[in-house]
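Since the structure comes first, as structure tokens, the remarks are kept for the end.
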Amino acid sequence: MSSADFEKLIRLFAPKVAKKDTKFRSAIPVAERLAITLRFSATGDSFSSLDYLTGVSKQSISSIVMDVCRELIQVLKSCIKLPSTPQEWTAVAADFERRWQFSHCIGAMDGKHVEIECPPNSVSDFINYKGFFSIVLLALVDANYNFLFVDIGCQGRISDGGVFKHTKLHTLLNSKQLGLPPIASLQSSNFLAPYVIVADDAFALKKNYHETLFPSVQ
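Under the UniProt record's numbering, read the sequence shown as residues 1 to 218, first letter to last.
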């Protein structure tokens, strides 16, 4: 993260997380609270490790991470905006064409297992194919890795394709409510092609999100 982005985050949410000094102790500055949270989010370091690194107690770090994450969600939730018009989607596709030379691509999608402690009485629900307990983060990103859509929290035992089928994005695609642009000619060609989302083989190949392609076509 750049220093400019870090300072911008501080300005956005400082009023909500700043603490006042007491006669017993000085409050941990907002910048340090944010830095601790970002370090935890980026590395997954244990609170004990962060305690050693920062000199802030594990108990305080636990509270800081929860408070800062809660406020970041509220402050930044408007930053993730799913396109909803043909013009917005074609702008996404233009970025893919320009940066990756991939025509008519409106997003790249994949899932990521986030390791967790097993919730009580739910061993079989959260154990994934890799053998650890997790929830799934499913994301659609643009050509510059910016999130267009995120779904977090599905049980780790469910495949990426299964997670996708239970998302709002899948519902909107199937009901044709995403405002996607119509089939159009590829650049410098008369060949008509639909706009597509790229993903790995964990996701079923679909045609117009209604008709599954035959294996011979796949």
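Backbone N, C-alpha and C fix where the C-beta goes; we use that ideal spot for every residue, glycine too.
Just so we're clear, the structure is a prediction, and the values are computed from it rather than from any experiment.
- Contact check for S46 and L178: beta-carbon distance about 41 Å, past the 8 Å limit, so the pair fails to qualify.
- Between I10 and V56 a beta carbon distance of about 17 Å is seen, past the 8 Å cut, so the two are scored as non-contacting.
- Beta-bridge partners assigned by DSSP to M109: L140.
- According to DSSP, L192 shares a beta bridge with S185.
- About 6 Å separates the CB atoms of I36 and I64; that is less than 8 Å, so the two are in contact.
- S84 sits in coil when the DSSP states are folded into three classes, being neither helix nor strand.
- Counted as a single uninterrupted DSSP element, the beta strand (DSSP E) harbouring I152 occupies residues 147-155.
- In terms of Cα proximity to I73, the closest of T171, V150, H166, N190 is V150.
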